[in-house]
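To start, the structure under review is shown below, and the notes come after it.
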Amino acid sequence: MIWKVGRRMINLPLKPENSRFTDAQWQSVWESGENLLISASAGSGKTTVLVERVIQKVLSGINVDELLIVTFTEAAASEMKERLENKLKETIEQELDGKKRAFLLHQLQLLPQAHISTLHAFCKRVIERFYYLIDLDPKFRLMSDETEKSLLKEQIFHVLREKMYEVDGVENESFYQLTENFSGDRNDEGLQSLVFSLMDFALSHPAPDEYLDSLVKGYEINGDFTESTLYQEILKPQLLDELFVAKRIAKELENLARSIEFDKMLEQSEEILLLLERLTQYLEQDNVEEIYLLGKESKFPRKISANSKAFKEQEDIVAPYGSYHARLKEVVDGIFKQKIFTTPPEVTAKVLGDAKEVVETLVVVTKSFMQEFQQEKFAKNALDFSDLEHLALKILRDDSGNPSEASLYYKEKFHEVMIDEYQDTNGIQEMIANFVSKENNRFMVGDVKQSIYMFRQADPTLFIEKYTNYGENNGGKRIVLAENFRSRSDVLDFTNLIFMQLMNRTLGQIEYDDAARLINGNTSFPENEQMKTEILIYETQKDEEQEVVEIEPTFDVESKNEGEITLVAMKIREMVENGFEIYDKDLKTNRLLEYKDIVLLAPTRKHNAEIQEMFARFDIPLVMNDVATYFKTTEIRMIMSLLSIIDNPYQDIPLASVLRSPIVNLNEEELARVRLNNKTGNFYEAVQDTKNIQKLEVFKKQLNAWRNLARSTSIHLLLWKIYEETAIIEIVSGMPNGHQREANLYALAERAEQYEQSSFKGLFQFVRFIERMRAKDEDLAETEMENLQNAVRVMTIHGSKGLEFPVVFLLDLSKKWNLQDIQGKTIFDGKLGVGIQYLDRKSRLKFTTLVFEAIKAYKKKKILAEEMRKLYVALTRAEQKLILVASYKDKETALKTWSQAGSEESEVLSETVRLKGKSVMDWIGMTLMRHKDADVWNNEFAVANVPTVKYHATNFEVTFMCQQDLLVPEVEKTSLTDTEEKKEKITPEIFQRAKERLNFHYRYQKSTNTAVYQSVSEIKQVFVDPDFPNLLEANVSENGELRANIRFGELAKPAFLEQRASSVSSREIGSATHLLLQTINLSQEISEQALEKQLELLVERKLIEKIVAERIDLTKILQFFETSFGQLLQENSENVKKEVPFSLLVHPSEVYEDYPDEIEDDLLIHGIIDGYFEGDEGLVLFDYKTDFIRTTQKEREIEKMKERYAGQLNLYAKALQLATGKQVVRKELILLSIGDVVQLP
């Protein structure tokens, strides 16, 4: 198959006619020889392509561990490995060639260790392998908990801050200036927060110190500040664009005035046009002095009174005129109120110079803090995620900036470096990828339209730069996967209509052109008019003309969010009850909608509790794992209050809450009695003085015991003790949503255990730790419950990325943009640096710097671009139906907001108009106004005729609803009276049935107390003699129950905890000896050299430690092979079977005494036979033993060995006979410690 790419012709394998891959997907799988960027639109099958490419690489002879595959999350890495494993198994089953099959089986063995992980996990492996290149202690702990990290940072900054106030005994004036500039009157947390944020920004760069040093450059000016790059490339173009749009609007106003011959309006429009022309001229000439003076002198023309004669004669022009005037005034006022134009130019320049000194001090403090923080982490042998990246980069790059020894190793090792979700990469991650890849072996997959992780310092411009360059065959090749196989055309057309008008390079960072637009790749969906997109708008205020309808008080809507949620609940009930149908892709036919087919997507988890409450009232099942109220749940608040008083009982509120809780269960009267016993002291003293309440006495003893225990044990063990003694888990499991509450308590104990692995210890610190999480609004997510039920799901947009759902509701779309990042005293940007507001210490006046204004304008665009991409992600989660939900004051307000785009004559809305939007719904409404479907509800505002928009293929419906429309259907509830009325009359027959059930005796009760799965080592005393087996004594409890007979051995330590002692245990020597005998080739001459060679191979493969190998007595093994049985074993080498696993079913009565014969149970016994072979007369069974035998009492010791292991070999023999159908004629016990063989009867 020949493809033409640019001027180059390339050969790819011919795509089969029945292939499920598109041409672009096929090229993505097979193309090679240069860097590739796969721009994969939503639902285009990028993961399938990536997996197929890996499989084809493996089939071509490349080992799977020679590929580096970087995923965005650990879950994605696990899914990738699972898909590859399934694909490999499928390929192995179909492969007939023996060598290829063996190679593929080897790939399955390599897969668990393959480099398929997040970049952080890969960096960790780099550090663990090459730590010596940077002189790092390899035994480090990963500090993954953000709250632990935050507490440590605060401690370090507190110490640093105190040192910075004085330098060599002299007050540090520059630090005082810095503190005053960014902190309030009461504390200096503002400076602390600034330093922490600046450090995070710096660490996303490959060279943090260089980035910090570059921050002052924006404040360095030579001459006029208008010559600065920030002014010329950011502020000036934006202001000129606003003026361009304003002049167009003023021209429309002028035309309107001429058409109705309204002289006063005509004069005003001409006056406004003249003002706009002067502003444009001054801006183009960089004459900021004239703009400053013009702003002081001129006033925008006042709005013409609606009582004017012309307006009375033509009332239909009042609204358009008012809209024109308001929009023009907003533009002009916005320019004059620009901070750089509200002060004389010379003042603006001076402020820049003064602010430079503040920024220099800020850089010094931040670098000092970074150094102190790093040293403290190293002292604790702890690293955070940013450390993993920077240390890995330090390993991969030498001091000259060239590839290091480690870098060259990985460049040689990896045939290809594959990066999934490439749009979410940042600068340092990009550099790491460069140092482990060659010039032409990068394969990057992603979609810049789905880059929504700016808060993690993701830099989508890395993707955009390659997208542009590779599109021109500069540095690599771009392949676009545009077909969407997930969604109906209804969803795709609506998404395209929105983004063809919203997204372009100036606001959105990429053009939404033909290459970016979604193409329907799934034509299997049947036509269904019900699938058109719906927009539900809740009007927060009643119209005066509407009739007031009585609404049941329990369903009164108190907020816009409650109104929107009610709309959603009503719509879901309507769809389910009216038999709404969706297409089932598996069944390939329509079926009724179920609750589990629906998902609610919201920008945040803020309103999840309201959703939970409202859906309960509508009786709609709901699954919600992220309520953002973990610490507010009853059970967690209860336990945290208890931990607080265990730490310090002199806290009245926590103590009272525990006493009132189910833990103690005092009622109001009892609490009052406690207080009356001591009216003046604290409540704990009153509790101590109270002697006549039994349950309080029990609690006091428990509290004292818990307080003593807290001093000597870990917090998580203390929690488990509390859970056990209070039965709190059983209590909460009986409450509504009990399974979730129970899981929450388990999670708290787990969280405590994680906390104790950090550098903070003790109950007081843990309570403070949790309080700090509450204060910082860093809630723990509720423990995730498996979603097996038919219930509606609730997720954030970020949480839904990569998923798909038949029906999607988008909530809270009228939520205002989160512009918090540009509304403080400082603004950060990864490329432009830091913008500050400068405080003059003498005048106490605050000035906004040019840098601040420029970064603010630039950052706002970046924030809005990310909001745009979040909307794209949300819309493209839907497979079949989209329902958008928002709220406005009323319909008129909504239409007035949306109509700002009505006069736009180009397909893409102007940047100025888009920047006027204050919410996602504002944008969506603006893009709908010019479409033909808007004509139904828009009869007030004139709109431009743009054919590509007006006649776009999509269809949608907008519905406005107010509180009067929220007539909630009654939810049937059973009252106590109803229960009494429905109570069944108790007859003798019913009574007898109840009695039989309560007295029921389970005939197999003893089976429930006996293990049905035993290993040979647990019952090796059984079957000592096949004719007279010695049965195990049944393990009987005090109440007569039969228990499992289990022996517990010592568990091996994990490798990362194991510390090699100077001595080697006999168990280790025995295991190593067994391994040597298992792997030795019996067909060769068994000599000392052969044994040593095999042992060296096992050590080299790290199957045996060298220190253990040195302790194996090879002479005893040689002595065994010189015996007659050893020679016989070699003679039958071709027939010898080693390490044979078996499982055997026997009746428990053959193992346990007094086990009831009438119970038809089986006992499963499992084990591994060391070896056997088939001789002339039958099977010969043998087993290696390394037990120590004293030669001084050799005969007695051998008899003991025979008694000890006869039962085990009898069991082996029985299993072998059943499995093969052949008789075992010999059972040989090989005693390696003396090099001899003993035959058992």
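Quick note on the UniProt record's numbering: the sequence shown kicks off at 1 and runs consecutively.
C-beta: ideal position from N, C-alpha, C; glycine also.
Only a predicted model underlies this, so the values are computations on that prediction, with no experimental measurement involved.
Taking a contact to require three or more Cβ pairs closer than 8 Å, the region 319-335 and the region 233-251 qualify as touching. Beta-bridge annotation (DSSP): H415 is not paired with any residue. Annotation note: the region 444-503 contains the following uninterrupted alpha helix (DSSP H) runs of length 4 or greater, listed N- to C-terminal: 461-471 and 489-502.
Looking at the backbone, the Cα of K124 and that of A382 are separated by about 12 Å. Take the alpha-carbon of R841 and the one of K356: they are about 15 Å apart. C-alpha of L50 to C-alpha of F615: approximately 40 Å in a straight line. Excluding sequence positions up to five before and after F341, its CB lies within less than 6 Å of the CB of I291, Y292 and G295, all in the same chain and listed in chain order.
Using a Cβ-Cβ distance cut-off of 8 Å, the region 830-839 and the region 898-910 are not in contact, since fewer than three pairs of beta carbons, one from each stretch, lie closer than that value. Around the beta carbon of H325, a 10 Å sphere encloses 16 or more other beta carbons of the protein chains shown; the residue is thus reported as buried. Between L230 and A865, the C-beta spacing is not below 9 Å. Comparing alpha-carbon positions, the option among A114, F336 and R741 lying closest to R637 turns out to be R741. Counting the other Cβ atoms within 10 Å of the Cβ of T226 gives 16 or more, which makes it buried. L593 is not a Cβ neighbour of V873, given a cutoff of 9 Å.
Between the alpha carbons of I1086 and Q1223 lies a distance of about 29 Å.
Shown here, P237 sits in a helix according to DSSP, grouped into three states. In terms of Cα proximity to E1195, the closest of A1213, I1234 and M575 is I1234. Each of D597, E610, A710 and G1126 was checked against the Cα of I645, and the nearest Cα belongs to A710. A distance below 6 Å between beta-carbons, with the five flanking residues on each side excluded, links E1174 to the following residues of its chain, in chain order: N1135. Excluding five sequence positions before and after V943, the CB atoms of its chain that fall closer than 6 Å to its own CB belong to G902, M929 and R930, given in chain order. Following the DSSP letters along the chain, one finds S661 in no alpha helix (DSSP H), marked with neither H nor E. By the Cβ-count criterion, M503 is buried, with 16 or more other Cβ atoms from all chains shown falling within 10 Å of its own Cβ.
Scanning S174, K153, E95 and N181 for the CA closest to the CA of S843 turns up N181. Annotation: the continuous beta strand (DSSP E) that includes M795 extends over V792 to T796. Cα atoms of T948 and E907: separation of roughly 7 Å, rounded to the nearest angstrom. Rounded to the nearest whole angstrom, the C-alpha separation of G61 and Y410 is 19 Å. Approximately 6 Å separates the beta-carbon atoms of F485 and G45; this is inside 8 Å, confirming the contact. Annotated as proximal: V491 and L882, with beta-carbon spacing under 9 Å. The alpha-carbon separation between E277 and D188 amounts to approximately 47 Å. With 16 or more other Cβ atoms inside 10 Å of its own Cβ, L642 counts as buried.
Rounded to the nearest whole angstrom, the CA to CA distance from D97 to N955 is 55 Å. Annotation for P1141: I1168 place their beta carbon closer than 7 Å to its own, counting only its chain and skipping 5 residues before and after.
As a beta-bridge residue in DSSP terms, V1237 pairs with I1230. Spatial neighbours of T1073 in its own chain (CB-CB distance under 7 Å, excluding positions within 5 residues in sequence) are listed in chain order as I1112, T1186 and L1232. Taking C-alpha positions only, E564 is separated from S887 by approximately 7 Å. For V417, the closest of N434, E529, K1116 and K153 by C-alpha to C-alpha distance is N434. Around the beta carbon of Q423, 16 or more other beta carbons lie within 10 angstroms, which makes this residue buried.
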